[in-house]
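Data first, discussion second: the structure below is written as structure tokens.
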Amino acid sequence: MGPRSGFSRIPGTRTPASSFVASTDNRGSGCTRSRGRSPPSRPLIRGVPSPTAARRSGRSATHRSLSSARWTAERWPVIESETQIAASTSPSPRDDHGSPLLQVDGLVKDYVRTDASLRRRPLRAVDGVSFTVGRSETFALVGESGSGKSTVGRVLLRLTEQTAGSIVFDGEEIGRLSERQARRFRHRIQMLFQDPMAAFDPRMTIRESLAEFLRLRGVPRSAVNSEVARALASVGLDSDLARRRPGALSGGQLQRVGVARALAPEPELVFLDEPTSALDVSIRGQIVNLLSELQETQSVGYVLVTHDLRVVEAMADRVGVMYLGQLVEVCAKEELFERPLHPYTRALIGVTRRSAIAEGAADHAVGLGRLHGELSLEHAEREGCRLAPRCPFAEARCEEPQELVQVAPAHWARCWKALDVEQQVDADATKGS
Ligand SMILES: Nc1ncnc2c1ncn2[C@@H]1O[C@H](COP(=O)(O)OP(=O)(O)O)[C@@H](O)[C@H]1O
Ligand code: SF4
Ligand SMILES: [Mg+2]
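Under the working numbering, the sequence shown has 217 at position 219, and the numbering climbs by one with no breaks.
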């Protein structure tokens, strides 16, 4: 974990110095994928710098220089429509060679829930969410439990139908496809589940589970055994495990098989739903590293859902912060940690930093703010800002509906007061120091 975040490191993750090697020579290469490409020709070699890593280092420099500047609200336009947000929430600079892999625009998902007095009430679990994901990019969705992150993934994977909005994958609208039409996309978008024990059929051997997914990319029966062995090797596992059933593997081993299974059809996009939170702390870092390394060798885009900002710090390129179904802040990862603008993001970072301070891994959490009370679904029905009942900066104008507005280059926040809060917090910090 980098010193800039002020978070404690996930055990087992590499330090930024060993992860990223500065060079922009390869910028642009490896961003695009062709259909039906052949599998990687060499086994995964851990720690080898890749074009992706090189492009990452180039991008970091850009974002550092942007985030050190100060901007005023007047300089940036209010974005009126969701289409504009999706179009202008451009993928990171390393994906500036064409259209995004995924473009989600104005996504809405309604459920009916039963409240404490057993009344059935509508719940808008996802409310007008728009974002893009570039090829080989990691877009992270963060937020407390119940903010709608997994629902976004369930809709992307067609596990549930959206209520409104558009999902364009590789230039094609997939949001309204019939089940039959959607089959064409099955191998191109995959999912890694949170709980590896629940993600596998306990009656099937590892070989059978992997074979099912290898068939999605047309691997012939005669090649299944060698491809299973190759898939297991790519995640650092011995091919002998193929004969076992899930119950005979540890959680960490099974999550590695989960990664191998998700990548077996050679997808272009994988939805990672809390990929480490069900795992033992000691092996979380290994899975984070594995996912990052495989992204570099296989040019796959990730939508990463997590409530753990340390995972975001280690893996993400850009981040969308969700609160009660809405995106409240969207920007590059470096920008988010250096200059969080929405009071909710500030509080999330504050919580993580305070625990890092308690562990002795960070020394300051000045001015990040604390929220009052807990997230309540009732607040999702508010016309005004949904955070107002918990926000330490709330005032009368916060009772008006809040739009996601651009507050700095490639940085959006859903709070009319975000820049004022920043000034106030900076001034308080200066006084206090
Ligand atoms: N099938 C469902 N029926 C009714 N409500 C649901 C259903 N799935 C999720 N929800 C509700 O939608 C909200 C968002 O859930 P979810 O997407 O799982 O959030 P997160 O992944 O951020 O924890 C929660 O309040 C949850 O209870
Ligand atoms: S609009 Fe008001 S209540 Fe909402 S986050 Fe901003 S300051 Fe807080
Ligand atoms: Mg979830």
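The C-beta atom is built at its ideal place from N, Cα and C for all residues, glycine as well. These numbers were taken from a predicted model, which means no experiment stands behind them.
Put simply, the residues with a CB less than 6 Å from any heavy atom of ligand 1 are Y109, R111, L121, A123, G141, S143, G144, S145, G146, K147, S148, T149 and L375, in chain order. With a cut-off of 8 Å on Cβ pairs, the segment 154 to 172 is in contact with the segment 105 to 125, counting three or more such pairs.
Within the chosen limit of 8 Å, ligand 2 does not reach the beta carbon of P338 with any heavy atom.
Within the DSSP secondary-structure output, D125 pairs in a beta bridge with V106.
Pairing C413 with P399 gives a Cβ-Cβ distance that is not under 9 Å. For ligand 2, no non-hydrogen atom lies closer than 8 Å to the CB of R380. Secondary-structure assignment with DSSP links E171 through a beta bridge to V166. Just so you know, the alpha carbons of R395 and R337 end up roughly 23 Å apart.
Distances taken from the Cβ of Y342 to the heavy atoms of ligand 2 include one shorter than 8 Å. The residues D125, in chain order, have a CB closer than 6 Å to that of Q324 in the same chain once the five nearest residues on each side in sequence are set aside.
Contact annotation: T295 and V286 have beta-carbon atoms that are not nearer than 9 Å. When Cβ pairs closer than 8 Å are counted between the two stretches, the segment 190 to 209 is seen to touch the segment 264 to 284, the count reaching three or more.
L373 places its beta carbon less than 9 Å from that of E142.
When only Cα atoms are considered, S164 and V153 end up about 11 Å apart.
The beta carbon of V226 sits closer than 6 Å to those of R205, L208 and A240, all from its chain and outside the five residues before and after it, given in chain order. Counting only runs of at least 4 residues, the segment 319 to 345 fully encloses the following alpha helix (DSSP H) elements, listed from N- to C-terminal order: 331 to 336. Under the three-state reduction of DSSP, F198 is assigned to coil, being neither helix nor strand.
Nearest Cα to G216 within the set R182, D236 and M202: R182. Fewer than three pairs of CB atoms, one per stretch, sit closer than 8 Å, so the segment 229 to 246 makes no contact with the segment 276 to 283. Residue range I204 to R213 is occupied by the alpha helix (DSSP H) that includes I204. Not a single heavy atom of ligand 3 lies less than 8 Å from the C-beta of E294.
Remark: C-beta atoms of P390 and H370 approach each other more closely than 9 Å. Assigned with DSSP and collapsed to three states, L154 falls in helix.
Here the C-alpha atom of L402 lies approximately 5 Å from the C-alpha atom of A411.
As far as DSSP is concerned, A221 takes part in no beta bridge. Look at P244 here: in three-state DSSP terms it is helix.
Distances taken from the Cβ of V153 to the heavy atoms of ligand 3 include none shorter than 8 Å.
The beta carbon of G318 sits closer than 8 Å to the beta carbons of V127, F129, F137, A138, L139, V140, L325, E327 and V328 from its chain, once the five residues preceding and following it are set aside; these are given in chain order.
In the structure shown, D418 adopts helical secondary structure according to DSSP, grouped into three states. Of the other Cβ atoms in all chains shown, fewer than 16 fall within 10 Å of the Cβ of A196; this residue is therefore exposed. Within the chosen limit of 8 Å, ligand 2 reaches the beta carbon of E393 through at least one heavy atom. Taking the C-beta atoms as reference points, V310 is found no nearer than 9 Å to L322. In this structure, L292 keeps its C-beta atom at 9 Å or more from the C-beta atom of A262. In the three-state scheme derived from DSSP, where H, G and I count as helix and E and B as strand, D424 is classed as helix. V301 has its Cβ no nearer than 8 Å to any heavy atom of ligand 3. At a cut-off of 8 Å, the beta-carbon of A416 counts as near ligand 2: some heavy atom of the ligand is closer than that.
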